[in-house]
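Chains as they are written, first to last, in my numbering: chain Y, 1 to 594; chain U, 595 to 743; chain F, 744 to 926.
Think of the CB as a built atom: it goes at the ideal place given N, C-alpha and C, for glycine as much as any other residue.
Below is one structure, written out as structure tokens; comments come after it.
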Amino acid sequence: MKWIPNFNSSNSLRVIFVIAVFILLFLSSIAYKHNQDLNESSKLVMHTYEINIQLERLMSAIKDAETGQRGYIITRNARFLTPYIYSRDKVNTSFIRLKKLTADNPVQQQNLQNLFKLIIQRFVSFENCLKYSDPKTYDKRKLDNHMFGGRILMENIRFKVDEMNDIEKKYLSSRLKIYDAEISLSPLFSISLFLVALCFILLAYRQISRDIERLKVFNKKLLISSGLIAESEAIGKFSTWQWDLDSQKIDYSDNQFRLLGFEPNAFVPEKETFLDFVHPDDKETVSKSMEGILQNKQLPFVYYKIMLPSHEVRYFKTTGKLLTDQQGSKILLGINFDITDEHLLNIELQERNKELEKSNKELASFNHVASHDLQEPLRKIQTFISRVSDADKAVMSQSARDYIAKIEVSAKRMRVLIDDLLLFSRTNTTKKEFIKSNLNELLENAETELTEIIDEKKAVITASKLPKLSVIPYQIEQLFINLIGNSLKYSQPDIAPQITIESEKVLSADYPDLLEQDVKKFHKITFTDNGMGFDPQFKETIFVLFQRLHSKTDYPGTGIGLAICKKIVDNHKGHIIADSTLNKGSVFTVFLPD
Amino acid sequence: MQKNALYILLADDDEDDRLFFKDAFEEIKIQTNVDFVHDGMQLMDHLHDPENKLPDILFLDLNMPKKTGKECLIEIKKTERLKNIIIAIYSTSSSEEDIEDTFIQGANIYIKKPSDFNTLKKIINEVVTVNWHYHTSGLNRDNFLLRLK
Amino acid sequence: MKLFIKFDINTICSLYLKQNLEQQNINFTTLGFGEIEIADNLDADALETLKNNLSPCGFEIVENQKSVLVQKIKDAIIELVFMDDSNNYKSSVFLAEKLNHSYGYLSNVFSEVTYSSIENFIILQKIERAKQLIIINEMSLTEIAFLLNYSSVAHLSTQFKNTTGITPSAFQRIIKKRRENLK
Chain Y
1 MKWIPNFNSS
11 NSLRVIFVIA
21 VFILLFLSSI
31 AYKHNQDLNE
41 SSKLVMHTYE
51 INIQLERLMS
61 AIKDAETGQR
71 GYIITRNARF
81 LTPYIYSRDK
91 VNTSFIRLKK
101 LTADNPVQQQ
111 NLQNLFKLII
121 QRFVSFENCL
131 KYSDPKTYDK
141 RKLDNHMFGG
151 RILMENIRFK
161 VDEMNDIEKK
171 YLSSRLKIYD
181 AEISLSPLFS
191 ISLFLVALCF
201 ILLAYRQISR
211 DIERLKVFNK
221 KLLISSGLIA
231 ESEAIGKFST
241 WQWDLDSQKI
251 DYSDNQFRLL
261 GFEPNAFVPE
271 KETFLDFVHP
281 DDKETVSKSM
291 EGILQNKQLP
301 FVYYKIMLPS
311 HEVRYFKTTG
321 KLLTDQQGSK
331 ILLGINFDIT
341 DEHLLNIELQ
351 ERNKELEKSN
361 KELASFNHVA
371 SHDLQEPLRK
381 IQTFISRVSD
391 ADKAVMSQSA
401 RDYIAKIEVS
411 AKRMRVLIDD
421 LLLFSRTNTT
431 KKEFIKSNLN
441 ELLENAETEL
451 TEIIDEKKAV
461 ITASKLPKLS
471 VIPYQIEQLF
481 INLIGNSLKY
491 SQPDIAPQIT
501 IESEKVLSAD
511 YPDLLEQDVK
521 KFHKITFTDN
531 GMGFDPQFKE
541 TIFVLFQRLH
551 SKTDYPGTGI
561 GLAICKKIVD
571 NHKGHIIADS
581 TLNKGSVFTV
591 FLPD
Chain U
595 MQKNALYILL
605 ADDDEDDRLF
615 FKDAFEEIKI
625 QTNVDFVHDG
635 MQLMDHLHDP
645 ENKLPDILFL
655 DLNMPKKTGK
665 ECLIEIKKTE
675 RLKNIIIAIY
685 STSSSEEDIE
695 DTFIQGANIY
705 IKKPSDFNTL
715 KKIINEVVTV
725 NWHYHTSGLN
735 RDNFLLRLK
Chain F
744 MKLFIKFDIN
754 TICSLYLKQN
764 LEQQNINFTT
774 LGFGEIEIAD
784 NLDADALETL
794 KNNLSPCGFE
804 IVENQKSVLV
814 QKIKDAIIEL
824 VFMDDSNNYK
834 SSVFLAEKLN
844 HSYGYLSNVF
854 SEVTYSSIEN
864 FIILQKIERA
874 KQLIIINEMS
884 LTEIAFLLNY
894 SSVAHLSTQF
904 KNTTGITPSA
914 FQRIIKKRRE
924 NLK
């Protein structure tokens, strides 16, 4: 179903989120590393300072020993020897600690070894000083030597200790420098990464909020249109249903319930229960089409009857189509129309049509039979009159002869009337077969029919080329005969009739009042004569049946001829008009559709 | 001219028309032998009877009871023995379609019943004359089509 | 299957005649114009037998001189109308030359015997030929009119209609529908 808008952002959103998460993870790992480094560096500082302390302890222990030794030497009080004795332990302890502490640094180890050597020497010197300061073994010279030596050793020790401290300090400072460098970079890096992540998240947020907006808009539109659809269903008396072929769930629109005579959502629609609503006559047809749906993927129009719960019968028309949406699920969409009103109207129309046809037929046959059957007795009358021979007439009285003459005249008139009536009825009743005909040929035939009168009146007929049209040939021929015949009949006395027939193509738009606008082009055929014309105020009435402008004694005529012309032109969905100037001539214009 | 009298058969249910016909044939110069039948069934019985001589010209009214002229026409044209008879439709109808239809069904002549006796005489005279021409001049009978008003 | 057969009446007739005469052992020579000369004289019986044999096919032994001449005139006219370059001949001249009589005399004899004129007969034959040409359906009405020496199609139509009472196109229509009926 293509009308669901594709929100592409969902994919990009996912990507953004993943990136942000990765960035965050990365950031936290950096923070962790930073933490670790801090730990390391503080450990390192502690390490260095511990070495420093130990070295100072060492120094102070030796100093203690020295002070103790000096005190003893001076006072010979054994109490002064106590720190000297303990100092040895302290030195050892410190030394052991130092050894551990400098385990990783071979240079320091070496230094330590050297220091230890010095310390040993100092203690030897101490021993010696003690030994030589003892009154028992007093030796001033050796004592002084060892004291001086001791002092020099002290200086060396001090020197060594300082050296070791320096080394440690340098070591520390270089490591600290490295850490500093690292530390100074991390924050910037982290902050920029953080900012990037923040950007991404902001982007994502913006996209999400935009999508939500769009969704809202679409939602609103959907709500409105589903509301409109429901309304239009109710107004238009149709309804829709959806059958999800995968889940076999059927959904009825609200109006579908109403059309079946229930309130919306009155029951759960099922495939099987639908047939319950169908009129027993149509149950089979409907169930067959329902089977057919699945095979054909669509439902051609099915017409059937429904019985409402109120037992009212309604006429339905249903069609459907199988739709597959983007996810591939198949939904059958069905549309029902309640065509009861149209159906009933249709039936009524059909009935009326039938009645009209019947009455038309009756009229037509009455017309035809009347004219036809009237001819017979008339013919007999005329024939028997003609049997009255001249010999017979010679022995009749004058009045009898006159009467016979008058009977003859009336009979002739009746004959003409009946002939024309018959012709009039025939223009209606004969089956209307339209054949593409060459109007020039039909005109020629018409002229041949009228040859006698044409020769008698020395008439001249000029015709321009007439088109080929789809017409009823007999009728058009009759049309021409009538029109030309009229022109000949009503010619001016002593003036040879001149009849001009012209044809041209015109657009119906040029004659909006006259012609049907649904046909674009018409052929306009004009019959112009130089006859006696007629008063133009009668130009419409002359086409009326039995309307005549002259008395029958002046000009023979039945008043049917032009009515026949009009009927013929009407049969062809055309139009005929007449115009004239008295004593100048007349123009009859025939419009025939292309 | 012909040695034998022309055998004419008229099928018409109308008494007056038969009378006119008889009188007309009596008044023309040509020697003829005229017979009448009153309706379609009688006509076909007469024609099918092998004892009866086949007419030289058959005048056939269309509006007849029991069997219409058109039905007779079709039946005659289907019968081997009868299909070469010259048939002249003699009718009151002047509808073009009817006329053409009878020609299509095989009629040779179409005559509209005139309302003047002299016209009738002229018509039958012409029919007989033309028929004789066809007879003696080796003209194709299938193409013999004549329409008289 | 539908076949269109064109046949020559003259050939058929002479063949039939020949068969009949040979059957009766009559020696004969054809003089043309439907005229045969028999070597010996036939007696009444033989003549009667011959008549009876020939009449089923419409043969008649013409025993009248004037009738013979009329028959010759008719044959000549038929020949004139049915030949292809008939336009070059004027009918009166043609007949006079062919039959060795003045046209006036021929005309009189014809009218006396047939009660109708040569002109009428010519028209009848021309229309007859027109009908045949229409049936064969290979020429248009204009071509037919030209072949038969009419000044225009209208002229042909008029004469056709005067002779038969229907127009050539109506005739065409009828023949066509007759054919369809037979199918």
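Could you compute how far the alpha carbon of residue i sits from the alpha carbon of residue j?
i	j	result
Asp736 (chain U)	Ile407 (chain Y)	43 Å
Leu641 (chain U)	Leu613 (chain U)	22 Å
Gly585 (chain Y)	Ile542 (chain Y)	15 Å
Lys919 (chain F)	Phe747 (chain F)	14 Å
Ser399 (chain Y)	Ser386 (chain Y)	17 Å
Ser470 (chain Y)	Met658 (chain U)	37 Å
Leu98 (chain Y)	His34 (chain Y)	29 Å
Glu504 (chain Y)	Arg426 (chain Y)	29 Å
Gln596 (chain U)	Asn482 (chain Y)	Unreliable placement is indicated for Gln596 (chain U), whose pLDDT of 48 sits below 50; the coordinate value is still reported in the next sentence. Cα-Cα distance, rounded: 45 Å.
Asp629 (chain U)	Phe619 (chain U)	11 Å
Phe95 (chain Y)	Gln110 (chain Y)	13 Å
Tyr72 (chain Y)	Tyr132 (chain Y)	12 Å
Pro300 (chain Y)	Gly320 (chain Y)	7 Å
Ser28 (chain Y)	Phe194 (chain Y)	10 Å
Phe889 (chain F)	Asp695 (chain U)	30 Å
Lys2 (chain Y)	Leu439 (chain Y)	Note on Lys2 (chain Y): pLDDT 49, under 50, position unreliable in the model; the coordinate value appears next. The straight-line gap from Cα to Cα measures roughly 58 Å.
Lys539 (chain Y)	Leu582 (chain Y)	12 Å
Asp594 (chain Y)	Arg352 (chain Y)	32 Å
Pro467 (chain Y)	Leu562 (chain Y)	23 Å
Val587 (chain Y)	Pro536 (chain Y)	11 Å
Leu867 (chain F)	Asn892 (chain F)	14 Å
Gln492 (chain Y)	Ser912 (chain F)	35 Å
Asn114 (chain Y)	Asn92 (chain Y)	14 Å
Phe522 (chain Y)	Ser253 (chain Y)	52 Å
Val824 (chain F)	Lys817 (chain F)	11 Å
Thr828 (chain U)	Ile435 (chain Y)	Lying before the first or after the last residue shown, residue 828 (chain U) is absent from chain U, which here runs from 595 to 743.
Buried or exposed: where does residue i fall if 16 or more other Cβ atoms within 10 Å of its Cβ makes it buried?
i	result
Lys706 (chain U)	buried
Lys869 (chain F)	buried
Val813 (chain F)	buried
Ile461 (chain Y)	buried
Gln699 (chain U)	buried
Met46 (chain Y)	exposed
Glu76 (chain Y)	For the sequence presented, residue 76 (chain Y) should be read as Arg rather than Glu. Arg76 (chain Y) comes out exposed.
Gly634 (chain U)	buried
Asn924 (chain F)	exposed
Glu871 (chain F)	buried
Val302 (chain Y)	buried
Asn445 (chain Y)	buried
Which whole-angstrom value describes the C-beta separation of residue i and residue j, a residue pair presumed to lie in contact below a C-beta threshold of 8 Å?
i	j	result
Gly533 (chain Y)	Ser487 (chain Y)	With a Cβ gap of about 11 Å, Gly533 (chain Y) and Ser487 (chain Y) do not count as contacting.
Arg88 (chain Y)	Phe123 (chain Y)	7 Å
Glu50 (chain Y)	Leu101 (chain Y)	6 Å
Gln478 (chain Y)	Ile418 (chain Y)	Their Cβ separation, rounded to whole angstroms, is 16 Å, which puts Gln478 (chain Y) and Ile418 (chain Y) out of contact at 8 Å.
Ile250 (chain Y)	Trp243 (chain Y)	5 Å
Opposite residue i in the DSSP bridges: which residues?
i	result
Thr723 (chain U)	Per DSSP, none; premise fails for Thr723 (chain U).
Gly320 (chain Y)	Y:Leu299, Y:Gly334
Thr697 (chain F)	Given that chain F is displayed from residue 744 to residue 926, the structure contains no residue 697 (chain F) and the question cannot be resolved.
Glu502 (chain Y)	Y:Thr526
Asp162 (chain Y)	The partner list for Asp162 (chain Y) (beta bridge, DSSP) is empty, contrary to what the question assumes.
Tyr684 (chain U)	U:Ile705
Ala578 (chain Y)	Y:Phe588
Ala873 (chain F)	Answer by DSSP bridge pairing: none, since Ala873 (chain F) is not bridged.
Phe238 (chain Y)	Y:Phe337
Ile250 (chain Y)	Y:Trp243
Between residue i and the ligand ZN, is there a pair consisting of the residue's CB and a ligand heavy atom that are separated by less than 7 Å?
i	result
Gln109 (chain Y)	What this structure holds is no ligand at all, so the ligand ZN is not there to describe.
Taking contact to mean at least 3 C-beta pairs separated by less than 8 Å, is the segment 9 to 20 of chain Y in contact with the segment 197 to 206 of chain Y?
-> yes
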